[in-house]
Amino acid sequence: MKRKALVLAGVGAAALAVPSVMTFAAEDFGKYQVGDTRSGYTFAKVETRAIQDDDFENPGMLWVEHGEEVWETVDGKAGKSCKSCHADASDTMKNVGSTYPVFAKDIGKLENVENRINRCRTDNMKAKPWKYDSRDMLGVVSYVKRQSFGQPMNVKIDGGAASWFKKGEEFYNQRRGQLDMACKHCHVDNAGNMIRANTLSQGQGNGFPTYRLKWQKPGSLHRRFRGCNKQVRAKPYKTGTDEYLALELYVMWRGQGLPVETPAVRN
Amino acid sequence: MNTRRIALGGIALAGLVAFAASATLSGAAEYKVEDEAIKASLTGKAGDAGNGKKVFLNRKKGNCLACHVVASLKDQPFHGQVGPPLDGTASRWKEGELRLRIVNSKIVNKDTIMPAFHRAEGLHRVLKKFKGKTVLSAQEVEDVLAYVMTMKE
Chain A
34 MKRKALVLAG
44 VGAAALAVPS
54 VMTFAAEDFG
64 KYQVGDTRSG
74 YTFAKVETRA
84 IQDDDFENPG
94 MLWVEHGEEV
104 WETVDGKAGK
114 SCKSCHADAS
124 DTMKNVGSTY
134 PVFAKDIGKL
144 ENVENRINRC
154 RTDNMKAKPW
164 KYDSRDMLGV
174 VSYVKRQSFG
184 QPMNVKIDGG
194 AASWFKKGEE
204 FYNQRRGQLD
214 MACKHCHVDN
224 AGNMIRANTL
234 SQGQGNGFPT
244 YRLKWQKPGS
254 LHRRFRGCNK
264 QVRAKPYKTG
274 TDEYLALELY
284 VMWRGQGLPV
294 ETPAVRN
Chain B
308 MNTRRIALGG
318 IALAGLVAFA
328 ASATLSGAAE
338 YKVEDEAIKA
348 SLTGKAGDAG
358 NGKKVFLNRK
368 KGNCLACHVV
378 ASLKDQPFHG
388 QVGPPLDGTA
398 SRWKEGELRL
408 RIVNSKIVNK
418 DTIMPAFHRA
428 EGLHRVLKKF
438 KGKTVLSAQE
448 VEDVLAYVMT
458 MKE
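Protein chains in written order, with this note's numbering: chain A, 34 to 300; chain B, 308 to 460.
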């Protein structure tokens with residue numbers, strides 16, 4: 034509810050009356066920085082990074098584990114589980130997290146992991162599609178993307194994906210909402226600057242689904258898009274729609290070379 | 308750096324005279340831009356600096372500290388770094404120039420992140436409950452302006 038305000042005061046952040054200008058020069062972020070491209074990890078607090086880095090402390094791992102169980106569970110009229118068709122995820126899913134969204138020729142559309150999973154459920158399993166940010170969907174997406182953990186992001190933007198990429202780029206640079214801001218105003222022009230209690234990052238997508246300490250649960254990238262749209266008092270789109278798919282491709286492309294971090298931990 | 312951007316935007320717009328759409332259509336008061344300033348009060352009345360400070364701080368209204376540092380407000384937490392510090396801004400700009408920046412900064416810098424606080428039209432996909440409404444009312448703009456005018460060096 035309080036999210037109506039431009040930006041919430043950071044939960045539990047130390048009160049800092051007048052912040053001094055930040056300098057980043059000294060820090061070496063290793064694989065989390067590729068040229069000028071920096072993961073949200075490099076903007077997060079040291080304590081937050083530590084939670085992400087420790088598989089036992091990282092609460093997002095509970096969803097990965099849940100996803101693994103669901104992966105093996107038979108559901109739907111066809112009597113199949115994900116595993117019935119895809120066997121060992123560490124083998125069959127290992128490049129999914131770093132290459133999606135992809136242009137799917139058979140449906141003539143861009144498709145992300147969530148939408149691909151629901152297509153498998155309805156067409157191959159004869160099961161009901163999941164809600165986008167449901168526990169099962171977040172679990173299986175986290176489990177699938179986890180199989181690409183550490184791999185550099187490498188999405189394709191040519192061929193059938195080219196027109197989607199262009200639409201995503203337009204979305205990213207278009208002002209919207211009563212506050213009339215585009216994604217780029219915060220995540221390109223002001224990355225590294227404090228907006229209220231938050232340090233603006235480059236808004237990268239390589240860690241999703243991301244566990245948010247504020248929510249005490251993970252969220253999809255499209256949920257994040259909705260949040261960022263609403264922050265500027267703009268009407269968000271529904272999760273999974275073409276507009277957000279195009280935006281997802283553009284955002285993932287901005288992060289080319291960053292490692293898949295799923296499940297990332299952020300404020 | 309930020310100040311330079313304003314100056315550059317200003318050159319391109321020198322001599323511009325623009326009129327906002329009529330009050331009934333846009334939900335915004337009518338005003339006239341000349342010399343990169345809005346010289347007349349939007350309401351014909353003077354602002355109240357005391358109320359202006361409240362609007363300036365209110366996170367659902369001005370929320371100005373989200374982006375700006377103000378040294379005299381150091382009792383308030385979380386000043387942002389997105390815009391320049393406002394200390395001394397009233398010594399750098401005339402009243403009409405500051406009014407214009409609060410009403411719609413984009414008139415002097417079309418690429419700015421700073422929201423137009425008194426504009427209701429020409430916006431994309433505004434949430435229903437804010438549609439056709441300005442962030443601040445005309446009198447709230449005058450009140451914030453009166454408060455910002457106290458930020459002298």
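Here a beta-carbon is modelled for each residue, glycine too, at the ideal position from N, C-alpha and C.
List the DSSP bridge partners of residue i.
i       : result
P185(A) : P292(A)
M214(A) : R209(A)
M227(A) : T232(A)
A344(B) : E341(B)
E243(A) : Position check: residue 243(A) holds Thr in this sequence, whereas Glu was assumed. Partner(s): G252(A).
L143(A) : F136(A)
A267(A) : V433(B)
D450(B) : The partner list for D450(B) (beta bridge, DSSP) is empty, contrary to what the question assumes.
K113(A) : D108(A)
R71(A)  : Q66(A)
V298(A) : Y244(A)
How close, in whole Å, do the beta carbons of residue i and residue j come, if the pair is a contact with beta carbons under 8 Å?
i       : j       : result
Y176(A) : A120(A) : Between A120(A) and Y176(A) the Cβ distance is about 14 Å, and since that is not below 8 Å, they are no contact.
S253(A) : E147(A) : 7 Å
L19(A)  : P185(A) : The shown model of chain A, from 34 to 300, leaves out residue 19(A), and the question about it has no answer.
L434(B) : A267(A) : 6 Å
C371(B) : V389(B) : 11 Å between Cβ atoms; not a contact.
E343(B) : E404(B) : 6 Å
D355(B) : D418(B) : Their Cβ separation, rounded to whole angstroms, is 33 Å, which puts D355(B) and D418(B) out of contact at 8 Å.
L393(B) : M458(B) : 5 Å
S72(A)  : N239(A) : 6 Å
I420(B) : H218(A) : 4 Å
R154(A) : G109(A) : 7 Å
A335(B) : T441(B) : 5 Å
Strictly below 8 Å CB to CB, what residues from chain A border residue i?
i       : result
I301(B) : This structure cannot speak to residue 301(B), because chain B is shown only from 308 to 460.
A423(B) : D213
Relative to the C-alpha of residue i, which residue among the options is closest?
i       : options                            : result
E294(A) : W96(A), H255(A), F241(A), R259(A)  : F241(A)
K200(A) : E276(A), K127(A), R168(A)          : E276(A)
F348(B) : D418(B), V362(B), L407(B)          : Before going on, a small fix: residue 348(B) reads as Ser here, not Phe. Taking only the C-alpha atoms, the option nearest S348(B) is L407(B).
M214(A) : G439(B), K436(B), H431(B)          : H431(B)
Q264(A) : R71(A), D108(A), G100(A), R209(A)  : R209(A)
P296(A) : M158(A), G130(A), E281(A)          : G130(A)
G260(A) : G236(A), A279(A), Y283(A), L282(A) : G236(A)
V173(A) : N187(A), N300(A), K189(A), N151(A) : N151(A)
R426(B) : L212(A), D169(A), K159(A)          : L212(A)
V298(A) : I190(A), L246(A), R257(A)          : L246(A)
Y338(B) : P391(B), D450(B), A445(B)          : A445(B)
A137(A) : Y205(A), N206(A), W286(A), W197(A) : W197(A)
M126(A) : Q180(A), L278(A), C216(A)          : Q180(A)
F258(A) : F204(A), G193(A), V221(A), W248(A) : F204(A)
Q249(A) : H220(A), N91(A), L282(A)           : N91(A)
G193(A) : R149(A), K159(A), D139(A), S167(A) : D139(A)
A279(A) : E202(A), Y244(A), D222(A)          : E202(A)
G183(A) : A160(A), N128(A), Y133(A)          : N128(A)
K368(B) : A453(B), E447(B), Y454(B), L452(B) : E447(B)
R302(A) : D88(A), L95(A), Y74(A)             : Only positions 34 to 300 of chain A appear in the structure, and residue 302(A) is not among them; the question remains open.
P269(A) : C216(A), A230(A), S114(A), K116(A) : C216(A)
R287(A) : W96(A), K78(A), D69(A)             : D69(A)
S167(A) : V103(A), L143(A), A77(A)           : V103(A)
T232(A) : G395(B), F437(B), K413(B), H386(B) : H386(B)
Y165(A) : K271(A), T243(A), V107(A), S114(A) : K271(A)
A111(A) : P251(A), N226(A), D156(A)          : D156(A)
E428(B) : N411(B), N416(B), V415(B)          : N411(B)
Y454(B) : F363(B), R399(B), K438(B), D382(B) : F363(B)
R229(A) : K361(B), Q383(B), V415(B)          : Q383(B)
L171(A) : V97(A), V284(A), N262(A)           : V97(A)
Residue i touches chain B at which residues, Cβ-Cβ below 7 Å?
i       : result
R152(A) : The premise fails here: R152(A) is roughly 28 Å from chain B at the closest Cβ pair, so nothing lies under 7 Å.
R209(A) : H431, R432
Would you mind telling me which residues of chain B sit closer than 9 Å to residue i, beta carbon to beta carbon, in chain order?
i       : result
N226(A) : C374, G387, Q388, V389
- Could you name the residues of the segment 356-368 of chain B whose beta carbon sits closer than 8 Å to any beta carbon of chain A, in the order they occur along the chain? R366, K367
- Query: Taking any Cβ of chain A, which residues in the segment 371-387 of chain B have a Cβ under 7 Å from it, in chain order?
  - Reply: A373, C374, V376, A378, K381, P384, F385, H386, G387
- With 7 Å as the limit, tell me which residues of the segment 265-295 of chain A have their beta carbon closer than that to any beta carbon of chain B; keep them in chain order. R266, A267, K268
- Query: When Cβ atoms are compared, which residues of the segment 229-247 of chain A fall closer than 7 Å to chain B?
  - Reply: R229, A230
- May I ask you to list, following chain order, the residues of the segment 441-452 of chain B that have a beta carbon less than 9 Å from some beta carbon of chain A? T441, V442
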